[in-house]
Structure formats: C-alpha cells, structure tokens
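Novice:
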Amino acid sequence: GENVEQHPSTLSVQEGDSAVIKCTYSDSASNYFPWYKQELGKGPQLIIDIRSNVGEKKDQRIAVTLNKTAKHFSLHITETQPEDSAVYFCAASSREVTFGIGTKLQVIP
Amino acid sequence: KAGVTQTPRYLIKTRGQQVTLSCSPISGHRSVSWYQQTPGQGLQFLFEYFSETQRNKGNFPGRFSGRQFSNSRSEMNVSTLELGDSALYLCASSLARGRVNTEAFFGQGTRLTVV
Numbered sequence: 001g002e003n004v005e006q007h008p009s010t011l012s013v014q015e016g017d018s019a020v021i022k023c024t025y026s027d028s029a030s031n032y033f034p035w036y037k038q039e040l041g042k043g044p045q046l047i048i049d050i051r052s053n054v055g056e057k058k059d060q061r062i063a064v065t066l067n068k069t070a071k072h073f074s075l076h077i078t079e080t081q082p083e084d085s086a087v088y089f090c091a092a093s094s095r096e097v098t099f100g101i102g103t104k105l106q107v108i109p
Numbered sequence: 110k111a112g113v114t115q116t117p118r119y120l121i122k123t124r125g126q127q128v129t130l131s132c133s134p135i136s137g138h139r140s141v142s143w144y145q146q147t148p149g150q151g152l153q154f155l156f157e158y159f160s161e162t163q164r165n166k167g168n169f170p171g172r173f174s175g176r177q178f179s180n181s182r183s184e185m186n187v188s189t190l191e192l193g194d195s196a197l198y199l200c201a202s203s204l205a206r207g208r209v210n211t212e213a214f215f216g217q218g219t220r221l222t223v224v
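As they're listed, the protein sequences go chains D and Z.
Start counting the first sequence at 1; every next residue gets the next number (our numbering).
Start counting the second sequence at 110; every next residue gets the next number (our numbering).
#1: Can you tell me which of Z:160, Z:200 and Z:217 puts its alpha carbon nearest to the alpha carbon of residue 153 of chain Z?
#2: When we look at the beta-carbon of residue 17 of chain D and count the other beta-carbons within 10 Å, is it buried (16 or more) or exposed?
#3: Strictly under 8 Å for the Cβ-Cβ distance: is residue 155 of chain Z near chain D by that measure?
#4: Do you know how far the Cα of residue 100 of chain D is from the Cα of residue 76 of chain D?
#5: With a threshold of 8 Å, are at least 3 pairs of Cβ atoms found where one atom belongs to the stretch 186-198 of chain Z and the other to the stretch 167-176 of chain Z?
#6: Per DSSP, what kind of secondary structure is residue 157 of chain Z in: helix, strand or coil?
#7: Which partner residues of residue 65 of chain D appear in the DSSP bridge assignment?
#8: Report the rounded CA-to-CA distance for residue 38 of chain D versus residue 125 of chain Z, giving the unit in angstroms.
#9: Would you list the one or two residues that DSSP bridges to residue 104 of chain Z?
#10: Determine, for residue 191 of chain Z, whether the minimum Cβ-Cβ distance to residues of chain D falls below 8 Å.
#11: Please identify, using Cβ separations under 9 Å, the residues of the stretch 36-49 of chain D that lie next to chain Z, in order along the chain.
#12: Can you pull the DSSP bridge partners for residue 220 of chain Z?
#13: What does residue 213 of chain Z touch in chain D if you count any residue whose Cβ is under 8 Å from its own?
#14: When the Cα atoms are used, what is the spatial distance from residue 41 of chain D to residue 85 of chain D?
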C-alpha cells in the first residue's frame, strides 16, 4: 500500500518568515495530493491540493509543489502569521487517502 | 450548505463494551470515509463507503465495522472495546465521482475514551 513520510514533525518560525513542509510517497499510482490544516479541537480542513498533472499550485500565501519523478511534494507558507499555527497533514491518494504523520507549526509573534 | 456532522462529540465507554458513531455527510456527497486519529499513529484509514457499499478497507481488525444508508449517512461500530481504541474518530465526505479523487470535507470528530 501507499506510504507517506512527512517532515519535520515540529516547526517553529518567526512571524513573517516562510515555512516549508516536505512529504514523500511510495505509490506511483497516487494522483491527488491534498494538504490539510487541523486546529485544536477541530477536524482537518483542506487548504490546498494538487493533481499529478500539475507541478505547482499557488493560493495567496500558500503554494504546493509536486515532483512526480522523485515522488516528493511540499507545502510552502510565506509571510506566516500566528493564526497559521496548527498541525498540517499531507496526503497522497490513489484508491484511498494515506496521510503523513503531521507537522506541528508554531508561528512566534 | 451544512458541513459534515458527527455525533456524539464525546463518548466514554468501558472495556468490552461496543460503540456506534454516526456521520451525516454534506448534502449530495455519496462517499463517506472513516479515520482513526491518535497522537502516535496520526490519521489512519478505516474504511470508505460509497452508495451503501464498502469500497475500501484499511488495516483494522474485524471489531471495526461500518455501514452506509440510502441517504448517505454512515455509522461506524466498534465491538469489544479495548483501551487502545481511545482516539478521535473522524469522518470525511466527498463527491467521489468515479475514479477521480475529489476534495474531502471532515467533520469535527468523535472523541472516544475507553476506560
């Protein structure tokens, strides 16, 4: 089955700096890569996704890149704000969705 | 449009008991997936239902089961509860058109504590 590795597990950045979270996947059949943000006491919320026929996608301060050959994909958050503090999950999907272990992002004001 | 609704939000059960959790998907969504979330294991896939049929199943023992009704609402059942079943159980719904993966929307989860 699919295996998704995510790192780092924790990340602290100063407000205004950028944050990068990286994931790798194993199943070349995976074709959909969503990223979720989970705040305390809430369910995960989709923040951006990318399909295997696209290399990069951007939405305001958030961008995702995908390297199908290397089976890598990354989340980039620019100009971080305290409200970006949360746990972020990457996922890879073919028949089912497999999640990474999560990255706890702390943005220090 | 109402989001994904999970009930109850919190549940405390004793070892050996059974429990049923409920999930109402977003109107029009026919796919419902269940996940177990624990601090050490992250989000683990339990199963997916589509049009009342189980379409995929994760690596969980047979004590974990589910079903989906004609209105797409889904229930998940865990029998003979163990302490290790304590977790946040999340439900996600999506349109799931054919083989094309679509955005999944999560509920707030049911926090199950087994004592």
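Glycine included, every Cβ here is placed at the ideal spot set by N, Cα and C.
Since this is a predicted model, take the numbers as computed values, not measurements.
Specialist: For this structure:
#1: Z:200
#2: exposed
#3: no
#4: 16 Å
#5: yes
#6: strand
#7: D:56 and D:74
#8: 31 Å
#9: What is shown of chain Z runs 110 to 224, which leaves residue 104 of chain Z out entirely.
#10: no
#11: 36, 38, 41, 42, 43, 44, 45, 46 and 49
#12: Z:119 and Z:197
#13: 34, 46 and 97
#14: 13 Å
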